[in-house]
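Number of protein chains: 2
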Amino acid sequence: MTKILLAEDDENLGDLLKNYLKAKMFETDWYDNGELAFDGFRRGHYDLCLIDVMMPVKDGFALAQEIRTINKSVPIIFLTARSMKEDVLEGFKIGGDDYITKPFDMEELLFRIEAILRRVNNDNQFTPLYYTLGKYTFDVQKQLLQYGETVHKLTTKESELLKMLCDNANQLLERNYALKTIWADDNMWVARSMDVYITKLRKYLKDEPNIEIINVHGKGFKLVI
Amino acid sequence: MTKILLAEDDENLGDLLKNYLKAKMFETDWYDNGELAFDGFRRGHYDLCLIDVMMPVKDGFALAQEIRTINKSVPIIFLTARSMKEDVLEGFKIGGDDYITKPFDMEELLFRIEAILRRVNNDNQFTPLYYTLGKYTFDVQKQLLQYGETVHKLTTKESELLKMLCDNANQLLERNYALKTIWADDNMWVARSMDVYITKLRKYLKDEPNIEIINVHGKGFKLVI
DNA sequence: AATTATATTTAACAATCTTTAACGCGATTT
DNA sequence: AAATCGCGTTAAAGATTGTTAAATATAATT
Chain R
1139 MTKILLAEDD ENLGDLLKNY LKAKMFETDW YDNGELAFDG FRRGHYDLCL
1189 IDVMMPVKDG FALAQEIRTI NKSVPIIFLT ARSMKEDVLE GFKIGGDDYI
1239 TKPFDMEELL FRIEAILRRV NNDNQFTPLY YTLGKYTFDV QKQLLQYGET
1289 VHKLTTKESE LLKMLCDNAN QLLERNYALK TIWADDNMWV ARSMDVYITK
1339 LRKYLKDEPN IEIINVHGKG FKLVI
Chain C
1139 MTKILLAEDD ENLGDLLKNY LKAKMFETDW YDNGELAFDG FRRGHYDLCL
1189 IDVMMPVKDG FALAQEIRTI NKSVPIIFLT ARSMKEDVLE GFKIGGDDYI
1239 TKPFDMEELL FRIEAILRRV NNDNQFTPLY YTLGKYTFDV QKQLLQYGET
1289 VHKLTTKESE LLKMLCDNAN QLLERNYALK TIWADDNMWV ARSMDVYITK
1339 LRKYLKDEPN IEIINVHGKG FKLVI
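Sequence order for the protein chains is R and C. Going by my numbering, the first sequence opens with residue 1139, and the numbers climb by one from there. Going by my numbering, the second sequence opens with residue 1139, and the numbers climb by one from there.
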């Protein structure tokens, strides 16, 4: 989960932002002044900072400057009521990545955050490489399901589905979710295609008594280990 | 020198921008409509694109979208007179990096450009001259794939494709993306040509059990290391 | 310019992957 | 209990990819 540091003294705005970002799957720590925010920054690990320029105790620029002394790369976005040229330029000089003036549109802020993270995360695409299923090892990259001599070469769809089941092991994997992500569609016809693949996976895994793909009627499937 | 592509139909603004950026040590190619700009983009190499949204022949969003099909990483900044929410969001959805509304301050634009480039250059996106593939070394410049005695002289297309696979190692290399960049086209017939080259590369790499080019059905290929 | 060599594309067929169709069974609802 | 719905399974149809060889295009050489 992406962690965001929010430095904002306005209670309403801070609360609003935190909740909005939470809904968008960002974990946000909210500090209401610059000093606390800096303490928080050195303690935790953040993927992005959202900093209001005008704050009591320590203003946003000062905070950003301090953050930059200990971290030169974390993305910083300034929030401000003032749209004066000098302020904007000051923000960029310090090493900010973006500058957005109040009142701003939440969705625009979200897109700006995502635009910056997209660039940062360019090479940060982490996915587990192997899963252990009883005696079998599932190599996601190579699309192999193997145990000693026995090696099943999986097709793309088999592999995608098995990976999704593994990610939700012992939990329900919803039909619609799987269909929308793997098949990019969830109409009735495509749904039958998924059933065919479930059958195929069950065949591969039938040698493993401890592993089972069970059906949750009307909802989806569950990989039980 | 950093090269900027400027797509702007307004003569005065275009001229002004080009001169301003030149003074700031950016080499700028200015195209006054979207179609010319796209032609220019595929011909040359640019570090950043500055695109006016409203242009004749081909508007800025359409241009950006075309650019994104052949280049997923070049930074794009939109310029526009409209500050409507929908427009801004559209720009980010396409994969833009920033969006600035006219009339804008030249200095602010400059800072935004620098903020983005700073981040891009941080990510160390230089392209290596050598890749290591198991026991083989792939020399991009000389188009050689060698290990001790064994040396494969690669043809241009073989080399371009292998390089592209290496740049996306362990990630999906989309068919269309490869076709558009290497073959400058992505029709059905050309696509088969790519398959032939995949076969050739697999032959060269078959001595290396740890290296494999796997197919992602309907999407592209992945070099797994 | 003609010839040779090399690189790339096209064509053809085989193999593999994915979807669709069909039928049967069991679960759920009426 | 009958009817409906969702799922399990298999086989065939449809699409994509793998591979080889011949045809064409491009480059190098005579």
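The C-beta atom is built at its ideal place from N, Cα and C for all residues, glycine as well. The model shown is predicted, which means the values in this text are computed figures rather than measured ones.
- In angstroms with no decimal places, state the Cα-to-Cα distance between histidine 1355(R) and lysine 1273(R). Walking along the first sequence from the start, residue 1355(R) turns up at place 217. Walking along the first sequence from the start, residue 1273(R) turns up at place 135. Going from the Cα of histidine 1355(R) to the Cα of lysine 1273(R) covers about 28 Å.
- Item | Spatial distance of glutamate 1287(C) from aspartate 1305(C) (CA atoms) | In the second sequence, counting from the first residue as 1, residue 1287(C) sits at position 149. In the second sequence, counting from the first residue as 1, residue 1305(C) sits at position 167. Rounded to the nearest angstrom, the two C-alpha atoms are 26 Å apart.
- Just to confirm, are isoleucine 1351(R) and valine 1362(R) a CB contact at a threshold of 9 Å? Counted from its first residue, the first sequence places residue 1351(R) at position 213. Counted from its first residue, the first sequence places residue 1362(R) at position 224. The answer is yes: Cβ separation under 9 Å.
- Can you tell me the Cβ-Cβ gap for aspartate 1197(C) and proline 1213(C), rounded? I've got them flagged as a contact below 8 Å. For the purposes of this step, residue 1197(C) is taken as the residue at position 59 of the second sequence. For the purposes of this step, residue 1213(C) is taken as the residue at position 75 of the second sequence. Actually they do not touch by this definition, with Cβ atoms about 19 Å apart.
- Message: I want to see whether chain R comes within less than 9 Å of glutamate 1346(C), judged by CB atoms only; does it?
- Response: For the purposes of this step, residue 1346(C) is taken as the residue at position 208 of the second sequence. Judged by the 9 Å Cβ criterion, glutamate 1346(C) is not in contact with chain R.
- Query: glutamine 1263(R) CB to nearest chain C CB: under 9 Å?
  - Reply: For the purposes of this step, residue 1263(R) is taken as the residue at position 125 of the first sequence. Only weak support exists for where glutamine 1263(R) lies, its pLDDT of 48 falling under 50; the coordinates are left without a value.
- phenylalanine 1179(C): buried (16+ other C-beta within 10 angstroms of its C-beta) or exposed? Taking the first residue of the second sequence as 1, we reach residue 1179(C) at position 41. So phenylalanine 1179(C) counts as buried.
- Query: In terms of residues, what are the limits of the beta strand (DSSP E) holding threonine 1270(C)?
  - Reply: Here residue 1270(C) is taken as the residue at index 132 of the second sequence, counted from 1. From DSSP, the beta strand (DSSP E) with threonine 1270(C) extends over 1268-1271.
- When the Cα of glutamate 1346(C) is compared with those of Glu1296(C), Leu1283(C) and Ile1208(C), which residue comes out closest? The residue given as residue 1346(C) occupies position 208 in the second sequence. Of the candidates Glu1296(C), Leu1283(C) and Ile1208(C), the one whose C-alpha sits nearest the C-alpha of glutamate 1346(C) is Leu1283(C).
- Which parts of the segment 1145-1201 of chain C are runs of the alpha helix (DSSP H), unbroken and 4 residues or longer, counting only runs that do not cross its ends? 1149-1161 and 1172-1181
- Message: Would you say the beta carbon of asparagine 1314(C) is closer than 8 Å to some non-hydrogen atom of the ligand NAP?
- Response: The ligand content of the structure shown is nil, which means the ligand NAP is not present either.
- Give, in chain order, every unbroken run of the alpha helix (DSSP H) that is at least 4 residues long and sits entirely within the segment 1229-1309 of chain R. 1244-1258 and 1294-1305
- Item | Minimum Cβ-Cβ distance from leucine 1201(R) to chain C less than 9 Å | Residue 1201(R) sits at position 63 when you count from the first residue of the first sequence. No, because no Cβ of chain C sits closer than 9 Å to the Cβ of leucine 1201(R).
- Query: Are any of the Cβ atoms in chain R nearer than 9 Å to that of asparagine 1308(C)?
  - Reply: As a first step, residue 1308(C) is located in the second sequence; it is residue number 170 there, counting from the start. So, interface residue.
- Message: I'd like the list of long-range same chain contacts for tyrosine 1285(R), defined as Cβ closer than 6 Å, with 5 residues on each side in sequence excluded.
- Response: Counted from its first residue, the first sequence places residue 1285(R) at position 147. Within the same chain, tyrosine 1285(R) has close Cβ partners Lys1273 and Tyr1274.
- Report all residues from its chain with a CB closer than 8 Å to the CB of isoleucine 1142(R); omit the five preceding and five following residues, and keep chain order. As a working mapping, residue 1142(R) is identified with position 4 in the first sequence. Excluding sequence neighbours, isoleucine 1142(R) sits near Leu1159, Phe1164, Glu1165, Thr1166, Asp1167, Tyr1184, Asp1185, Leu1186, Cys1187, Leu1188 and Ile1251.
- Query: Any idea if isoleucine 1102(R) is buried or exposed, counting beta-carbon neighbours within 10 angstroms, 16 or more meaning buried?
  - Reply: Residue 1102(R) lies beyond the residue range present for chain R, which begins at 1139 and ends at 1363; the question has no answer from this structure.
- glycine 1229(C) classed as buried or exposed, judged by whether at least 16 other C-beta atoms fall within 10 angstroms: Sequence index remark: in the second sequence, residue 1229(C) carries index 91 (1-based). Under this definition glycine 1229(C) is a buried residue.
- Item | Listed by chain order, chain R residues near isoleucine 1208(C) by CB distance under 7 Å | Within the second sequence, the letter at position 70 stands for residue 1208(C). Correct list: empty, because the minimum Cβ distance to chain R is about 17 Å.
- Residues near phenylalanine 1276(R) in its chain [Cβ-Cβ closer than 7 Å; skip 5 each side]: In the first sequence, counting from the first residue as 1, residue 1276(R) sits at position 138. Here the set comprises Tyr1268, Tyr1269, Leu1283, Leu1300 and Cys1304.
- Is it right to say alanine 1349(R) is buried, meaning 16 or more other beta carbons lie within 10 angstroms of its own, or is it exposed? Numbered from 1 along the first sequence, position 211 holds the residue referred to as residue 1349(R). Per the sequence shown, residue 1349(R) should be read as isoleucine rather than alanine. Classification for isoleucine 1349(R): buried.
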